[in-house]
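Working notes for the structure below.
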Amino acid sequence: MKLMIKETTVQRIRDKNLLFFVDDVYLNGDEWIIREAMKFYPNLWFAMPSGNDKLEFYSQDYSITNTTKLQLVQSYNITAGDEVVNGTIFYDKLFDLGGRTIPMAVAEYVPYCITTNVGAHNGNADAFNSTESKELFLEGLEGSLIVEFCRNRNCNILLWPYGPSDWGDIFENGSGYGEIYSTYTKQTEFSFCCLYYNWYLHLLDGSQYVAKSTITALVPGATLLPTSLTVIYPFSKTVWLSIFIMMVLMTGVHHFITTLNLRHLDSDAAQPPVEKSLFDMISIYLDQGIFPNTAHSSYRVLICFILLSGVVLSNSYASGLASVLTIPRYGKSIETIHEYSQTPYRWGAPAIAWVLSLLGVESHDIKSVVDKFDIIPDEEQLHRRSLAGDYGLGVELLNGGSYAFGSFIREDNVRSFDILKEEFYFTYTIGYAQRGWPLMEYFNKFNLETIQFGFVIHWERRTVRKYLSHRVQEALVEIAAGHNEDDEFGPLSTQHIVGPMIILGIGLSAALVVFICELIFAYLCRRYKKRTVKKFKASRLHVQD
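Take any residue in the sequence shown, note its place counting from 1, add 2, and you have its number in this note's numbering.
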């Protein structure tokens with residue numbers, strides 16, 4: 003009955019000592035339920051009356067996997083009043099498993115779990131498809147946790163290693179695949195390696211949290227602004243617009259005051275051209291001399307304040323230009339999820355597990371992020387796709403502050419990315435076991451102790467140093483802090499003066515075109531004048547005749 007109940011209930015209390023009073027007929031029977039329960043539950047005790055007022059206690063040897071054979075634990079004489087200590091009969095079989103083999107499933111994912119075939123008697127786990135002993139070496143953040151737990155409980159690991167990122171799934175019709183499904187079908191007792199799918203808790207038992215996992219993305223980094231526009235970088239668009247409006251106003255005021263002053267001196271004086279006022283204002287801001295009219299105080303006051311503002315702006319521009327010529331200028335970087343959702347950039351990772359927790363979220367920005375996600379199992383193809391500079395990659399921030407990344411993030415492309423300041427989501431990894439797994443309480447206690455004493459972070463950092471590129475790891479930490487080694491001071495080069503040279507070229511071309519137009523206009527005027535004079539002389543001769 004207990005075996006049937008634990009398969010159908012949601013809340014399950016861990017096993018205690020269960021004592022059954024039976025006779026020899028029932029005990030020696032071959033009922034399926036009893037035999038299956040004995041394979042899974044350790045603390046099953048059977049009390050059977052024997053001749054001469056004796057009571058015999060039987061139980062299975064839990065150190066032998068899948069055993070259903072009962073062994074005599076102790077005999078108790080009822081009439082003699084022998085003292086029987088509960089500890090001698092109902093002893094804790096889980097304290098020392100005596101080398102019991104526990105089948106476990108694991109997926110390959112650095113730095114959580116890494117499985118290596120090191121040859122017989124050189125590893126710490128047995129392979130399910132091999133007769134050799136200790137052929138596999140299991141390590142990693144969670145792999146080392148399982149190894150140390152089994153060493154603490156004196157049990158043997160029979161490992162079913164699944165492929166990279168093959169966590170699997172369980173469908174509504176009872177079918178599925180991967181490591182989670184192997185535990186659901188009771189091929190294995192325990193599954194681990196960066197699992198956090200909380201919607202399986204009604205089908206499997208979940209452990210306490212092991213480590214925090216934060217999912218974010220590397221997005222295309224800010225692009226280097228073209229050097230041809232160097233001359234406009236010292237000021238922002240708003241400042242340039244303000245300067246333009248101010249130039250128009252000052253030109254109008256200058257022209258108005260100049261006109262009034264000339265009319266005040268000489269009412270018949272010709273109105274000064276607007277171009278004169280415009281070029282005077284430009285000359286002041288370019289630190290060039292002008293020919294001021296010192297006869298009127300209004301003109302002197304105007305020029306004084308224009309000169310003052312011109313000095314401030316010209317010096318500010320010179321300082322900004324010096325900064326632009328020294329430090330490279332980049333466009334706006336992508337820092338938030340909202341900013342990324344507004345871009346056309348897509349992103350990808352080797353498995354759908356990266357976005358499973360985001361499915362069904364109502365946020366418009368998160369929906370956009372999920373729609374832009376591509377599943378590309380081939381990490382080499384994912385790496386080539388990212389080299390174009392318009393594609394993002396999934397990256398994970400680990401519990402200890404390091405980053406977990408696949409082989410698609412390398413030294414040749416990591417510096418071209420930025421890391422989002424906001425994470426897509428964070429969760430906590432757990433392990434999954436068969437429902438009612440008797441070792442779950444012991445595992446949870448051991449897990450909490452390893453977290454308290456810092457072993458989980460120690461195993462994480464050790465695995466990161468061993469299996470992940472140290473240079474890429476440093477680059478990710480620097481990028482997350484807002485520093486990139488490419489942003490360094492450097493000497494001036496030809497690229498820095500491309501913008502001024504372009505402006506000079508445009509100015510020379512415009513001057514040449516205007517000069518040619520003036521020559522043509524002067525030539526046409528002379529021809530027109532000659533024709534007019536010739537026609538006039540001809541008409542006079544005609545009149546005289």
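We treat Cβ as the ideally placed atom computed from N, Cα and C, and that holds for glycine.
**Study point:** Member of ASP373, MET442, GLU424 and TRP169 whose CA lies at the smallest distance from the CA of LEU220
**Key:** The candidate whose alpha carbon is nearest that of LEU220 is GLU424.
Point to revise | Cβ-based burial, PRO275 [other Cβ within 10 Å; buried from 16] | key: Answer is exposed; the Cβ neighbour count stays below 16.
**Study point:** Other residues of its chain near TYR319: CB distance less than 6 Å, five sequence neighbours each side excluded
**Key:** Excluding the 5 residues flanking it on each side, TYR319 has same chain C-beta neighbours closer than 6 Å at PRO236, in chain order.
**Study point:** Neighbour-count burial assignment, THR187, 16 or more Cβ in a 10 Å radius
**Key:** The residue in question, THR187, is exposed, as its Cβ has fewer than 16 Cβ neighbours within 10 Å.
Point to revise | Residue span of the alpha helix (DSSP H) that contains GLY312, given as start and end | key: Here the alpha helix (DSSP H) through GLY312 covers 299-328.
Point to revise | GLU110, enclosing beta strand (DSSP E) - first and last residue | key: Where GLU110 is concerned, the enclosing beta strand (DSSP E) stretches over 102-110.
Check your understanding: Do LEU206 and ALA435 have their C-beta atoms closer together than 8 Å?
Key -> Result yes, Cβ atoms of LEU206 and ALA435 sit closer than 8 Å.
Point to revise | Contiguous beta strand (DSSP E) assignments of at least 3 residues, all confined to the stretch 210-256 | key: With a minimum length of 3 residues, the continuous beta strand (DSSP E) runs that stay inside the stretch 210-256 are 214-222.
**Study point:** Under the three-state DSSP convention, the category LYS447 falls into
**Key:** In the displayed model, LYS447 falls within a helix according to three-state DSSP.
Review point. Alpha helix (DSSP H) containing ILE459: first to last residue?
Key: Element bounds for ILE459: 457-469.
Review point. Counting along the chain, where does the alpha helix (DSSP H) carrying ALA482 start and finish?
Key: Run containing ALA482: 472-482, per the alpha helix (DSSP H) assignment.
Practice item. Could you work out which residue in ASP55, TYR43 and TYR405 is closest to THR69 when comparing CA atoms only? Key: Cα-wise, what sits closest to THR69 is TYR43.
Point to revise | Where TYR60 sits in the DSSP three-state scheme | key: It is a strand residue.
Review point. Quick one: Cα of TYR332 to Cα of THR118, how far?
Key: Pairing TYR332 with THR118, the inter-Cα distance amounts to about 44 Å.
Review point. In terms of alpha-carbon separation, which member of TYR342, ASP373 and GLU364 lies closest to TRP356?
Key: Between TRP356 and the set TYR342, ASP373 and GLU364, the nearest pair of CA atoms involves ASP373.
Practice item. Determine the contact status of ASP367 and HIS340, defining contact as a CB-CB distance below 8 Å. Key: Between ASP367 and HIS340, the C-beta gap is smaller than 8 Å, which places the two residues in contact.
Check your understanding: Does the beta-carbon of VAL303 have 16 or more other beta-carbons within 10 angstroms, so that it is buried, or is it exposed?
Key -> Burial is judged here by how many other beta carbons sit within 10 angstroms of a residue's own beta carbon; VAL303 has fewer than 16 and is exposed.
Exercise for review: Tell me, please, which residues DSSP counts as bridged to VAL397.
Suggested key: For VAL397, which the question treats as bridged, DSSP gives the partners THR218.
Practice item. Using alpha carbons as the reference points, say which of ASN401, LEU395, TYR444 and GLY456 lies closest to GLY223. Key: Residue LEU395 is the option with its Cα nearest to GLY223.
Check your understanding: Is the stretch 412-422 touching the stretch 462-474 in the sense that three or more CB pairs, one from each, lie closer than 8 Å?
Key -> Yes, the stretch 462-474 is in contact with the stretch 412-422.
Practice item. Take GLN344 as the anchor and find which of SER370, LEU506 and CYS196 has the nearest alpha-carbon. Key: Closest by alpha carbon: SER370.
Check your understanding: Since TYR287 is in the alpha helix (DSSP H), which residue starts that stretch and which ends it?
Key -> Counting along the chain, the unbroken alpha helix (DSSP H) around TYR287 starts and ends at 276-287.
**Study point:** Given ALA107 as reference, the closest of VAL24, CYS196 and ARG153 once Cα atoms are compared
**Key:** Out of VAL24, CYS196 and ARG153, the CA that lies nearest to the CA of ALA107 is found in CYS196.
Practice item. With a 10 Å radius around its C-beta and 16 neighbouring C-beta atoms as the bar for buried, classify THR232 as buried or exposed. Key: THR232 comes out buried.
Exercise for review: Measure the C-alpha to C-alpha separation of LYS41 and SER335 and round it to an integer number of angstroms.
Suggested key: Answer to the nearest angstrom: the Cα atoms are 59 Å apart.
Review point. Tell me the DSSP bridge mates of ASP171?
Key: TYR179, per the DSSP bridge assignment.
Exercise for review: Determine, using beta-carbon pairs with one atom in the stretch 95-112 and one in the stretch 149-169, whether at least three such pairs fall under 8 Å.
Suggested key: Under the Cβ criterion (8 Å, minimum of three pairs), the stretch 95-112 counts as touching the stretch 149-169.
Check your understanding: How close, in whole Å, do the beta carbons of ASN449 and VAL149 come, if the pair is a contact with beta carbons under 8 Å?
Key -> That belief does not hold up - the Cβ atoms of ASN449 and VAL149 are roughly 13 Å apart, past 8 Å.
Exercise for review: Excluding the 5 residues preceding and the 5 following GLY170 in the sequence, name in chain order all residues of the same chain whose CB lies nearer than 7 Å to its CB.
Suggested key: Here the set comprises GLY178, TYR179, GLY180, GLU181, ILE182 and TYR183.
**Study point:** Local conformation of VAL500 per DSSP, three classes
**Key:** Here VAL500 sits in helix by DSSP.
Review point. When the Cβ atoms of the stretch 253-261 are set against those of the stretch 277-286, are three or more pairs found closer than 8 Å?
Key: At 8 Å Cβ cutoff, the stretches touch.
Check your understanding: When the Cα atoms are used, what is the spatial distance from LEU510 to MET248?
Key -> One Cα belongs to LEU510, the other to MET248, and the distance between them is close to 27 Å.
Review point. Hey, ASN158 and ARG102: beta-carbon distance below 8 Å or not?
Key: Yes, they are a contact pair.
Check your understanding: Mind checking PHE22: buried by the 16 CB within 10 Å criterion, or exposed?
Key -> Burial check for PHE22: the Cβ neighbour count within 10 Å stays below 16, so the residue is exposed.
Check your understanding: CB-CB under 6 Å to SER193, same chain, minus the five flanking residues each way: which ones, in chain order?
Key -> Around SER193: ALA107, GLU181, ILE182, THR185 and TYR434.
Review point. What's the gap between the Cα of LYS71 and the Cα of LEU441?
Key: So the alpha carbons of these two residues sit roughly 21 Å apart.
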